[in-house]
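Residues in the sequence shown are numbered consecutively from 11, following my numbering.
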Amino acid sequence: MLAQDLSRFRVPATFRGRSGWYVQLWWLVQASLFTWSPQVLYGWRRFLLRLFGAKIGKGVIIRPSTRITYPWKVSIGDFAWVGDDVVLYSLGEIDIGANAVVSQRCYLCTGSHDYTQPTFDIYTKPILVGAEAWLATDVFVAPGVRIGRGAVVGARSSVFEDIPELMLAKGTPAKPFKKRLLTGEQN
Numbered sequence: 011m012l013a014q015d016l017s018r019f020r021v022p023a024t025f026r027g028r029s030g031w032y033v034q035l036w037w038l039v040q041a042s043l044f045t046w047s048p049q050v051l052y053g054w055r056r057f058l059l060r061l062f063g064a065k066i067g068k069g070v071i072i073r074p075s076t077r078i079t080y081p082w083k084v085s086i087g088d089f090a091w092v093g094d095d096v097v098l099y100s101l102g103e104i105d106i107g108a109n110a111v112v113s114q115r116c117y118l119c120t121g122s123h124d125y126t127q128p129t130f131d132i133y134t135k136p137i138l139v140g141a142e143a144w145l146a147t148d149v150f151v152a153p154g155v156r157i158g159r160g161a162v163v164g165a166r167s168s169v170f171e172d173i174p175e176l177m178l179a180k181g182t183p184a185k186p187f188k189k190r191l192l193t194g195e196q197n
């Protein structure tokens with residue numbers, strides 16, 4: 011028996027959440043109108059994402075080099091930031107809370123394959139980035155992970171397990187190491 015027989019792999023019919031034509035249309039729009047838009051046209055990119063079913067809050071900053079697989083599976087809260095070269099591999103749901111920051115080159119991955127099956131079945135698990143959380147540069151977030159409200163994940167970390175709210179975490183795998191203490195004026 012083969013450990014993996016990719017000739018038998020099939021994407022389930024409703025997996026994408028939209029027709030193949032709709033998916034291709036989004037990818038065309040993303041590769042042109044979204045990517046080619048000037049950096050400061052955040053409203054234009056919010057409009058395009060909403061047009062394709064994303065739930066985008068007010069004041070969201072999303073850079074033109076961001077890649078989103080299926081925007082209809084993405085929700086981004088008010089005043090959140092999504093940086094350059096971020097990948098939202100939204101085979102499953104991705105929810106980014108209000109005032110959260112997903113910094114440059116982060117990769118949020120909601121899907122993987124069942125390596126115990128020769129058919130290499132695909133599956134998804136949602137990702138939640140809590141309100142006021144910060145994913146620093148080049149963080150990888152695995153399927154099914156929840157980043158708590160106000161948590162901070164250090165640069166180049168890989169997150170495979172939930173991070174509690176208001177905790178600082180770092181490393182591969184990322185581990186919480188300190189409570190986030192807030193100082194200064196609070197509004």
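Glycine included, each C-beta is placed from N, C-alpha and C at the ideal position.
Among the options, nearest to residue i - alpha-carbon criterion
i: L70; options: D95, L12, N109; result: What sits at residue 70 in the sequence shown is Val, not Leu. The shortest C-alpha separation from V70 is found at N109.
i: P136; options: R156, L192, V163, G164; result: R156
i: A23; options: S113, P174, Y133, R190; result: Y133
i: F170; options: Y117, G67, T126; result: Y117
i: W144; options: V39, G164, G27; result: G164
i: T182; options: E175, S167, G121; result: S167
i: R115; options: G121, W91, E175, V21; result: W91
i: R73; options: F44, F25, D131; result: F44
i: E103; options: K65, F130, F19, W37; result: K65
Cutoff 7 Å; reference residue i; Cβ partners in own chain excluding five residues on either side
i: G63; result: P81, W82
Residue i classed as buried or exposed, judged by whether at least 16 other C-beta atoms fall within 10 angstroms
i: A41; result: exposed
i: W46; result: exposed
i: Y125; result: exposed
i: V96; result: buried
Residue i, enclosing alpha helix (DSSP H) - first and last residue
i: G30; result: 30-39
i: F57; result: 52-61
Start and end residues, beta strand (DSSP E) containing residue i
i: L138; result: 137-139
i: K188; result: 185-189
*So, do the region 46-61 and the region 72-81 have three or more beta carbon pairs nearer to each other than 8 Å?*
A contact exists between the region 46-61 and the region 72-81.
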